[in-house]
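So the protein sequences, as listed, match chains A and B.
With the working numbering, you'll find the first sequence wraps up at 111, consecutive numbering, no jumps.
With the working numbering, you'll find the second sequence wraps up at 1114, consecutive numbering, no jumps.
Note sheet for the following structure.
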Amino acid sequence: EAQVTQNPRYLITVTGKKLTVTCSQNMNHEYMSWYRQDPGLGLRQIYYSMNVEVTDKGDVPEGYKVSRKEKRNFPLILESPSPNQTSLYFCASSSRQGVEYFGPGTRLTVL
Amino acid sequence: GENVEQHPSTLSVQEGDSAVIKCTYSDSASNYFPWYKQELGKRPQLIIDIRSNVGEKKDQRIAVTLNKTAKHFSLHITETQPEDSAVYFCAASIHDTGFQKLVFGTGTRLLVSP
Chain A
1 EAQVTQNPRY
11 LITVTGKKLT
21 VTCSQNMNHE
31 YMSWYRQDPG
41 LGLRQIYYSM
51 NVEVTDKGDV
61 PEGYKVSRKE
71 KRNFPLILES
81 PSPNQTSLYF
91 CASSSRQGVE
101 YFGPGTRLTV
111 L
Chain B
1001 GENVEQHPST
1011 LSVQEGDSAV
1021 IKCTYSDSAS
1031 NYFPWYKQEL
1041 GKRPQLIIDI
1051 RSNVGEKKDQ
1061 RIAVTLNKTA
1071 KHFSLHITET
1081 QPEDSAVYFC
1091 AASIHDTGFQ
1101 KLVFGTGTRL
1111 LVSP
């Protein structure tokens, strides 16, 4: 089954404690991205990757890091999380036709 | 960069009525306009998309229209059903051989009452 997976699905952490949200896709897509979803603000792109070792900032990259060492994986790293990063996070991969396939989401709470 | 505005933010209709959601975009180079549906607690899923070389696309009860001159596009849902209740997002991007930077609208919460 073609899919995008994310882990963990839920995470409660404290300010400053480094965390990583994993993302994996099995569709051999070259393009992957991370979004955060906040009430009233829609989906905002954090980072995207056009291929292995090629990443770039989206609209809200501050406080986040990414890496793309393998085509299927695109982890999101929060080196020092802060409460304003409490949000719902979606990983996505994109087909060549432009269709964005979203993962199930990770609900992050930073205390 | 691209900016997408979406209206209304909430829309309540009776079952069987039509619903229309409108979006405007700022970058005239944008050429791909998808619509996503997000049910409560679920991930966004593509329901229909349109490219700049056509003005209208239809899939059963849903249709999308695009006016490139005015830089706006709309989602039309006819004969609404309670299961159409969800948040709908429009988006715009410059799509080129797999690369794109989707910019989303802020969403419309559609409530269809039986």
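Where is the CB? At the ideal position from N, CA and C, for every residue including glycine.
Being a predicted model, the structure only gives us computed values, none of them experimental.
Reduced DSSP category for P104 (chain A) - H, G, I as helix; E, B as strand; rest coil: coil
When the Cα atoms are used, what is the spatial distance from I1094 (chain B) to D1017 (chain B)? 33 angstroms
Counting C-beta neighbours from all protein chains within 10 Å, is the total for V14 (chain A) 16 or more, i.e. buried, or is it exposed? exposed
Can you round the beta-carbon distance between M32 (chain A) and S95 (chain A) to whole angstroms, since I take them to be within the 8 angstroms contact cut? That belief does not hold up - the Cβ atoms of M32 (chain A) and S95 (chain A) are roughly 11 angstroms apart, past 8 angstroms.
For V21 (chain A) versus L76 (chain A), is the C-beta spacing smaller than 8 angstroms? yes
Is there a Cβ of chain A sitting closer than 8 angstroms to that of P1082 (chain B), yes or no? no
Touch test, the stretch 57-68 of chain A against the stretch 1002-1015 of chain B, Cβ-Cβ under 8 angstroms, three pairs minimum: no
Around the Cβ of D87 (chain A), are there at least 16 other Cβ atoms within 10 angstroms (buried) or fewer (exposed)? It is Ser, not Asp, that sits at residue 87 (chain A) in the sequence shown. The residue is buried, with at least 16 neighbouring Cβ atoms inside 10 Å.
Taking the Cβ atom as the reference point for each residue, do T106 (chain A) and Q37 (chain A) lie within a distance shorter than 8 angstroms? no
L1102 (chain B) and Q45 (chain A) look like a contact to me (Cβ under 8 angstroms); what is the Cβ gap, rounded to whole Å? 7 angstroms
Who are R44 (chain A)'s beta bridge partners in DSSP? A:R36
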